[in-house]
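Going down the list, the sequences are from chains A and B. Just so it is clear: in the first sequence, position 337 is 337 by our numbering, and no numbers are missing. Start counting at 1 in the second sequence, then tack on 1000, and there's your number in our numbering. Even glycine gets a Cβ: it sits at the ideal position worked out from N, Cα and C. All figures in this text were calculated on a predicted structure; none of them were measured in a lab. A quick write-up on the structure given underneath.
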Amino acid sequence: MFHLVWLIPAFPIASFLVLAIFGTRLSKKAVPLFGVGSIALSAVVSILIMFRFLTSPPPGNHYTQILWTWVDVGGFKPQIAFYLDALSVLMTLVVTCVGFLIHLYSAEFMQEDEGYSRFFAYMNLFVASMCTLLLGNNLLLLFLGWEGVGLCSYLLIGFWYRDPANGLAARKAFIVTRVGDTAMTMGLFLLFDKLGTLQIQDLMHQALLHWAVGSPYAVAAALLLLGGAVGKSAQLPLQTWLPDAMAGPTPTSALIHAATMVTAGVYLIARTHILFSLAPSAQFAVAVVGAATLILAGFSALTQPDIKRILAYSTISQIGYMFLALGVGAWSAALFHFMTHAFFKALLFLGAGVIIESLHHEHNIFKMGGLRKELPLAFWTFLAAGCSLAGLPLITAGFYSKGLIIWDTWSSAQGSHVLWFAAVIGVLLTSLYTFRLIFVVFFGEVKTPVHKRPGLRMMVPCVILAVLSVVGGFLDTPPFLGGVHSFTDFMHLALPVMTEGPAGGMTEILSESFVTLAFLVGLYLAYFFYVQKREYAEKLTAPAIGKALHQFWLSDWGMDWLYERVFVRPIIWIARVDKQDFVDNIYSGMALLTEFCYRGVRKTETGRIRWYAAGIAAGSIIFVAIVLFL
Amino acid sequence: MLPLLIVTAAAVVVMLAISIKRSHLLAVWLTLVGLAAAFFSLWIVAPLTPIQVTPLLIVDGYALFYMGLILAATFVTVILAYGYLENQSGYREELYVLILVAALGSVVLVASSHFVSFFLGLEVLSVALYAMSAYLCARKPPLEAGLKYLVLAAASAAFLLFGMALVYAQLGTMQFGQIAAMLSGGACYSKALLLPGIALIITGIGFKLAVVPFHMWTPDVYEGAPAPVTAFIATVSKGAMVALLLRYFYETGMQHLGSVFLVFSIIAIASMIAGNLLALFQNNVKRILAYSSIAHLGYVLVAFLAGGTRAAEAVTFYLVAYFITTLGAFGVVSVLSNGERDADVLDDYRGLFWRRPVLAGIFTLMLLSLAGIPLTAGFVGKFFLVAAGASSALWGLIFTLIVTSVIGLFYYLRILVALYAPPAETGEAAPAGGLPALSRGGSYVLAALSVLLVWVGVYPAPILDAVQRAVSTLRLF
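Following this line, the structure appears as structure tokens:
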């Protein structure tokens, strides 16, 4: 059964090729047949593999399928090989299943678009790259997938390329993540140089053998990999691309910029967790980045008027939670939140897509309202996802996954109380911005009439994801709520158990109570400001300080402004000043020399046969002279 | 011997068939069947090798590999020629007889182990090529090409013969194996006569390979000859000569002589530089390909000079890649040509992508392979050349190879830019009723070549194995 793993990326890549080559000639019916069908097949294979993994796990709880060796030069021997363990099986399962639902949704959502087949070609290529990233057994293959998903992200953000703003957003995403990728490549070079392999399991083994805890190489390599993860997962300080990435079609935002690609950084850190445990300072940096990001992005989300940008900041903030969990060594908690987040955030985006479509592409939430009655099914599914995101206690998946992270942040040996406090504040913010969104969009009076209602293919994925957003949490519950820990047990097949530190007067139930309290406060504030006293919300931004703060958060803490001045403009300035520097002259001089030589040798091509014969004769004479006299 | 006999028989049968009934399709089918039969007979012959057939010919794994390559390339040429000639008026069938005869000459060359068979094969090949170049004698450029080729080839053959005579006069034998024995055995001979002999032989070989300074005919002949014939000259004729070059010099050990090594180094460096420079601002695609083939033979010589099994493998592998690529490139030229003239000016390709995206894609692949971009056969081939050169520490030659490759990239990219340029608005309007249909056989062949190109580029192991087995039968000195 496990040897079928190669099919998971193979189906989408085959479908990508078909769509890319014959796309324009296929009928409107055939395109989704390939585009959605291939992902369905991949999902089926992943489900089968997961089932097999649970019923009869392979020896050692991992399985490697070596397809072929790419090159074999001087000890550098990267293989095209797939590695299955609990981590990759779980993530592949989530990616293909959620991916399938989003593809199904897109089949209707993108129906009227002229780039229908192009869209599915890109989306399929994305799923193939993402699975390669997750399944690759060496960092080079992982990097191939990593760049592949980056490329697809670029292509899909700029999908509606006729609007230059979309192209700019796509370029921004590509360039900002490139900063992280550069760090990551340097990390790969460092690892290969010092440990002589890129095969992940070998590499981890070698690192354990050669590097002591806290060794500078381990710290440097871990920090460089963290750089790559930060770029891809839109964490501080490279988070600025994700809100602009919302320029892409909404299913893209759901699949790439919420559920899957942006969690690649989480996967990378979890995959190389041994390296991070060898570098405690780097691991602490992960936790700090996560905590800072979740708070900052939460504030930014509070002020956005654009429904997709709110969700984008929310994604940044939630991935911050995952980073926080990774940073404190709560590996399985991070993955748990990854899974539930994939469910509810994908659903939120799909719901946002339904709303935007039915309101003539309106993005501003303040021009929406009263949609509860107009789009009841969209409302209920959106509400389920929103509650899960905000962490409605006891019944939603988000509550369990987030609660676990927050408790682990306190109880882990690497955790700290400050981080715990930040995480709880994050819950308050999440609940506030989520219910602000829900109250403004679905309650109050109708502002824009609904002109189009979603069909079955769009609503079925929403309902399924809504169910998952609720029940997904019961895979792992705290001891006082049933004490199920099947998810954690499963993850421990691949990832180490968190080391607990002194709890210091806190218990899990108390921690969960704080979370609940934060949730309720956020909910109440949202209710107060956006249902009861709408005018108060405006009053808050009326005074100068309120206005300034609002503006500051709206512009994402002025990050873009800062980067524009610190990096972009100086570089453009230097480029302009240095337009005609000395070094260029060397290259243009070589080009000129080449052209000069061309003009010289061209004279020999006269077209006259006697000249040609003379050339042959002269050549022979010279060669005879050489052999005779040298 | 079986493959040679089949090719000969095929030529005779096609000729007889033409005299009985003129039918273009019949002639093509007979030719193709003959070539396919000869190709598959290689497997029948394989278990019996190596055998020495008279002192003239040796049929070993090496010869069989090259025969396969030549027969396959001829097969492709015939299909291209069919599509090309369908658009032409006048007698068409005789070209296939000529192609078969030329293939026979090449097959003899790769199996020759004696000066006599060397010269015999060369002349059979050349005489057929003169007629093939000038085949469309109603047009001026082919006639000019044929004549130029005839005069210069005859002259260079005289040099070759004289060189052979000098070597024979000194060593008293014309068999490669015995020459090797004499050279190493320290038999008494006068270097003052032997070495000029070798130099004159190099002239003859250099002419056929079109390397500097014997290259000047190439662009004129390439430009003038009909596109499928050009493809044949660029691949089969040169490939057979390289096969012979390897066998002759490696089996006799002549390339170890310091001055011979020097001569070949000069030729290689001059070819790489001149070939790439001359192509830079050319506007004629056939001439660009001609100059690029000069440069490519220069690259081949780099590995040839390295010596040893590794080098022979690299050269052979490179030739396989070169065959695929060159046939593909000239194939595109050939299917785009019409009854009046060949599509050889750069302007014919401007905006091709917007008219014929698939064909433009194939041409792109071929050009990228010629430039040696990864994932194509050309890259793998060049990699082995450089590896072979590096293992013998020929740094100067490798340096030239790399620098000139960069220059080469320029003119390949120039064609690519033209391919993807926006279609000219002011040009003649698109012909009514869409574009003329392309020859179907030609299209299939091009598609197959593209697949092969990428396959060899991504997964070269099977070809590499075959090359290694073939080269292992070469008796290196």
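Worksheet item: Excluding sequence positions up to five away, which residues of its chain have a Cβ less than 6 Å from the Cβ of L1004 of chain B?
Response: Cβ neighbours of L1004 of chain B beyond the five flanking positions: V1107.
Fill in: Three-state secondary structure assigned by DSSP to D163 of chain A
Three-state result, D163 of chain A: coil.
Practice prompt. Compute the beta-carbon to beta-carbon distance between I1079 of chain B and G1442 of chain B, rounded to the nearest angstrom, for a pair I have assumed lies under 8 Å.
Written response: Yes, I1079 of chain B and G1442 of chain B are in contact; Cβ-Cβ is about 6 Å, under 8 Å.
Discussion item. Does Y63 of chain A come out as helix, strand or coil in the three-state DSSP assignment?
Written reply: Three-state result, Y63 of chain A: strand.
Item to complete: Can you tell me which of B:V1229, B:S1369, B:S1391 and B:I1099 puts its alpha carbon nearest to the alpha carbon of V1335 of chain B?
Response: Ranking the options by Cα distance to V1335 of chain B, first place goes to B:V1229.
Worksheet item: Which full runs of the alpha helix (DSSP H) of 4+ residues lie inside the stretch 544-591 of chain A, going along the chain?
Response: Those alpha helix (DSSP H) runs which fall completely within the stretch 544-591 of chain A and span 4+ residues are 544-554, 559-563 and 569-577.
Fill in: Per-residue DSSP class, three states only, for N1284 of chain B
If DSSP states are grouped into helix, strand and coil, N1284 of chain B belongs with the strands.
Fill in: Within chain A, the residues that T1252 of chain B reaches when beta carbons sit closer than 7 Å
Under the 7 Å cutoff, chain A gives no residues; its nearest Cβ is about 15 Å from T1252 of chain B.
Item to complete: Anything in chain B within Cβ reach of R602 of chain A, meaning under 7 Å, just list it in chain order.
Response: Going along chain B in sequence order, the residues near R602 of chain A (Cβ under 7 Å) are L1278.
Practice prompt. Give a yes or no on whether the C-beta atoms belonging to F119 of chain A and S106 of chain A are separated by under 9 Å.
Written response: Going by beta carbons, F119 of chain A and S106 of chain A fall inside the 9 Å limit.
Worksheet item: Does any C-beta atom of chain B lie closer than 9 Å to the C-beta of S620 of chain A?
Response: By this cut-off, S620 of chain A is an interface position.
Discussion item. Whole angstroms are fine: how far does the CA of I572 of chain A sit from the CA of M204 of chain A?
Written reply: Rounded to the nearest angstrom, the two C-alpha atoms are 41 Å apart.
Item to complete: Could you give the DSSP three-state label for P1460 of chain B: helix, strand or coil?
Response: Looking at P1460 of chain B - three-state DSSP - the assignment turns out to be coil, as it is neither helix nor strand.
Worksheet entry | Contacts around C131 of chain A, its chain only, beta-carbon distance under 8 Å, and the 5 residues preceding and following it disregarded | Counting only Cβ-Cβ distances below 8 Å, and skipping sequence neighbours, we find I8, P9, P12, S42, T92, V95, T96 and G145.
Fill in: Boundaries of the alpha helix (DSSP H) in which F82 of chain A is found, first to last residue
Segment Q79 to L84 is the beta strand (DSSP E) holding F82 of chain A; no alpha helix (DSSP H) there.
Item to complete: May I ask you to list, following chain order, the residues of the stretch 1203-1222 of chain B that have a beta carbon less than 7 Å from some beta carbon of chain A?
Response: Against chain A - using a Cβ distance shorter than 7 Å - the residues of the stretch 1203-1222 of chain B are T1203, F1207, P1213, F1214, M1216, W1217, P1219 and D1220.
Discussion item. If the criterion is Cβ atoms closer than 9 Å, does the pair A1225 of chain B and G1328 of chain B meet it?
Written reply: No; because the gap between Cβ atoms is not below 9 Å, this pair is not in contact.
Worksheet item: So which residues of chain A does V1263 of chain B contact, with C-beta pairs closer than 8 Å?
Response: Think of a sphere of 8 Å around the beta carbon of V1263 of chain B: the chain A residues whose beta carbon falls inside it are F623, I626 and V627, in chain order.
Discussion item. 9 Å is my cut-off, CB to CB: does K1148 of chain B come that close to chain A?
Written reply: Answer yes: the Cβ-Cβ gap between K1148 of chain B and chain A drops below 9 Å somewhere.
Worksheet entry | Proximal residues of chain A, C-beta to C-beta of S1156 of chain B below 8 Å | Result: I616.
Discussion item. Distance check for A1387 of chain B and R1310 of chain B, CA to CA, integer angstroms please.
Written reply: Going by C-alpha positions, R1310 of chain B is about 9 Å away from A1387 of chain B.
Worksheet item: Is S1019 of chain B close to chain A, meaning its C-beta is less than 9 Å from at least one C-beta of that chain?
Response: Taking Cβ atoms only, chain A never reaches closer than 9 Å to S1019 of chain B, which makes this a no.
Discussion item. Give me the DSSP bridge partner(s) of H1114 of chain B.
Written reply: For H1114 of chain B, DSSP records a beta bridge to B:Q1175.
Item to complete: Quickly, what does DSSP pair N364 of chain A with across the bridge? List them, please.
Response: BP columns for N364 of chain A point to A:D306.
Worksheet item: Roughly how many whole angstroms lie between the Cα atoms of L540 of chain A and D408 of chain A?
Response: Taking the straight line from one Cα to the other gives about 36 Å.
Worksheet entry | Selection of the stretch 1192-1203 of chain B by Cβ proximity to chain A, strictly under 8 Å | Within the stretch 1192-1203 of chain B, the qualifying residues are A1192, L1195, P1196, I1198, A1199, L1200, I1202 and T1203.
Item to complete: Kindly examine the ligand PLP and report whether one of its heavy atoms sits closer than 8 Å to the Cβ of L1359 of chain B.
Response: What this structure holds is no ligand at all, so the ligand PLP is not there to describe.
Worksheet item: Identify the residues that DSSP records as bridge partners of I1051 of chain B: which are they?
Response: In the DSSP assignment, the residues bridged to I1051 of chain B are B:V1059.
Worksheet item: Counting pairs of beta carbons, one from the stretch 1409-1421 of chain B and one from the stretch 1348-1363 of chain B, are three or more of them closer than 8 Å?
Response: The stretch 1409-1421 of chain B is in contact with the stretch 1348-1363 of chain B.
Worksheet item: With a Cβ-Cβ cutoff of 9 Å, do T1364 of chain B and A1231 of chain B count as a contact?
Response: Taking 9 Å as the cut-off, the Cβ atoms of T1364 of chain B and A1231 of chain B do not count as close.
Worksheet entry | Contact belief for Y1084 of chain B with F1176 of chain B at Cβ below 8 Å, rounded distance in angstroms | That pair is no contact at about 38 Å.
Fill in: Through-space distance from G1372 of chain B to S15 of chain A, alpha-carbon basis
Approximately 29 Å, taken between the alpha carbons.
Worksheet item: G148 of chain A versus chain B: which residues are under 9 Å apart at the beta carbon?
Response: Under the 9 Å cutoff, chain B gives no residues; its nearest Cβ is about 15 Å from G148 of chain A.
Fill in: Neighbour list for G35 of chain A in chain B, Cβ cutoff strictly below 7 Å
In chain order: nothing, as chain B lies at least about 22 Å away.
Worksheet item: Can you tell me where the alpha helix (DSSP H) with T499 of chain A in it begins and where it stops?
Response: Annotation for T499 of chain A: no alpha helix (DSSP H) segment contains it, and DSSP assigns it neither H nor E.
Discussion item. Assuming contact is defined by CB atoms lying nearer than 9 Å, are M123 of chain A and T252 of chain A in contact in what I supplied?
Written reply: It is a contact, given that the beta carbons lie within the stated cut-off.
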